[in-house]
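Trainee: This is the structure I have questions about; it appears just below.
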Amino acid sequence: MPKSLRTTVFKDPELSKYFSHENPTTVFTDFRQIGCGSFGAVYYARNRTTSEVVAIKELKVDTKRKKSEEEWNDIVREIKFLSHLAHKNCVLPKGCFMKEQTPWLVMEYCIGSVADVLEVHKKPLREDEIACIVQEVLTGLDYLHSEKRIHRDIKAANILLTDSGGVKIGDFGSASFVSPANSFVGTPFWIAPEVILAMEQGIYDVRVDVWSLGITCIEMG
Numbered sequence: 001m002p003k004s005l006r007t008t009v010f011k012d013p014e015l016s017k018y019f020s021h022e023n024p025t026t027v028f029t030d031f032r033q034i035g036c037g038s039f040g041a042v043y044y045a046r047n048r049t050t051s052e053v054v055a056i057k058e059l060k061v062d063t064k065r066k067k068s069e070e071e072w073n074d075i076v077r078e079i080k081f082l083s084h085l086a087h088k089n090c091v092l093p094k095g096c097f098m099k100e101q102t103p104w105l106v107m108e109y110c111i112g113s114v115a116d117v118l119e120v121h122k123k124p125l126r127e128d129e130i131a132c133i134v135q136e137v138l139t140g141l142d143y144l145h146s147e148k149r150i151h152r153d154i155k156a157a158n159i160l161l162t163d164s165g166g167v168k169i170g171d172f173g174s175a176s177f178v179s180p181a182n183s184f185v186g187t188p189f190w191i192a193p194e195v196i197l198a199m200e201q202g203i204y205d206v207r208v209d210v211w212s213l214g215i216t217c218i219e220m221g
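Numbering (full-length UniProt numbering), first residue to last: 1 to 221.
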């Protein structure tokens, strides 16, 4: 794994087309950390020119770790996947930047997830609320599936909400460009049986997302 990810990105024509050469701190302002994960932090920020509010996902890669190349390949796959998205029910990318040696993935800003709502209110959603959310998610999945793509990690934490009441599918880090697929990917309890069986035999297709959405309905109710 090269020590300089920045050099890797901008010397590779295939990769560099996804990244801006600008310093993200000159493009965005008003940074506030709003979350974190194994990959790094998530920030609220505002575009200095347009005043558009965005979410910035910091994608840290420790080049000294044995799994660093695998982590970097996962990041590249997610960036490429996102670059092909164009649907109102999917969280859309707003650009990619390199902050020194760290990729910054800029996304549409959402106020939180359905899982956050469940955590805050400590009670199930109403049936009509679940129906509205599921309808929007199914519309987003229909788009993804028509493009032969599988999300592979549908759950309440990955169903995001906008301040205008919109519903968007987020977190495409586990998504597949192709259907059928056979990799063991997903979150326990939400994974379809076909994904588990594919560890030893066979393949699965876009229908595994429908199973996971069904489990999510139980989670919401």
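Each residue gets a CB set at the ideal place from its N, CA and C atoms; glycine is no exception.
Please classify Pro24: does DSSP put it in a helix, a strand, or coil?
Mentor: Correct three-state label for Pro24: helix.
Trainee: Quick check: the segment 68-86 against the segment 114-124, are at least 3 beta-carbon pairs closer than 8 Å?
Mentor: No, the segment 114-124 does not touch the segment 68-86.
Trainee: Taking Cβ to Cβ, would you say Val114 is nearer than 9 Å to Leu161?
Mentor: For Val114 and Leu161, yes; Cβs fall inside 9 Å.
Trainee: Thinking Ser176 and Arg149 are a contact (beta carbons under 8 Å), I'd like their distance in whole angstroms, please.
Mentor: Confirmed, Cβ separation roughly 6 Å.
Trainee: Here's a check: name, in chain order, each residue in its chain whose Cβ is nearer than 6 Å to the Cβ of Tyr44, leaving out the five neighbours to either side.
Mentor: Same-chain partners within the cutoff: Arg32 and Ile34.
Trainee: Taking Arg48 as the reference, give the member of Ala41, Gly40, Val61 and Thr26 with the closest Cα.
Mentor: Nearest of Ala41, Gly40, Val61 and Thr26 to Arg48, Cα basis: Thr26.
Trainee: Quick one: Cα of residue 261 to Cα of Ala55, how far?
Mentor: Nothing can be reported for residue 261: it is not among the residues displayed for the chain, which extend from 1 to 221.
Trainee: Look at Pro103 and Glu136 and say whether their C-beta atoms are less than 9 Å apart.
Mentor: For Pro103 and Glu136, no; Cβs fall outside 9 Å.
Trainee: If we require 3 or more residues per run, which beta strand (DSSP E) segments fall completely within the segment 72-100?
Mentor: Whole beta strand (DSSP E) segments, 3+ residues: 93-99.
Trainee: Quick check on the burial criterion: 16 or more other C-beta atoms within 10 angstroms. Buried or exposed for Val210?
Mentor: Exposed is the call here.
Trainee: Hey, Lys60 and Gly40 are a contact pair by Cβ (cut 8 Å); roughly how many whole angstroms apart?
Mentor: The Cβ separation is near 4 Å, so the contact holds.
Trainee: Compute the Euclidean distance between the alpha carbons of Phe97 and Leu144, then round it to the nearest angstrom.
Mentor: Approximately 25 Å between the Cα atoms of the pair.
Trainee: Relative to the C-alpha of Ala86, which residue among Gly140, Gln101 and Val134 is closest?
Mentor: Ranking the options by Cα distance to Ala86, first place goes to Gly140.
Trainee: Compute the Euclidean distance between the alpha carbons of Ser164 and Ile154, then round it to the nearest angstrom.
Mentor: Rounded to the nearest angstrom, the two C-alpha atoms are 22 Å apart.
Trainee: Could you give the distance in angstroms between the alpha-carbon of Ser16 and the alpha-carbon of Leu92?
Mentor: Each residue's Cα considered, the two are about 19 Å apart.
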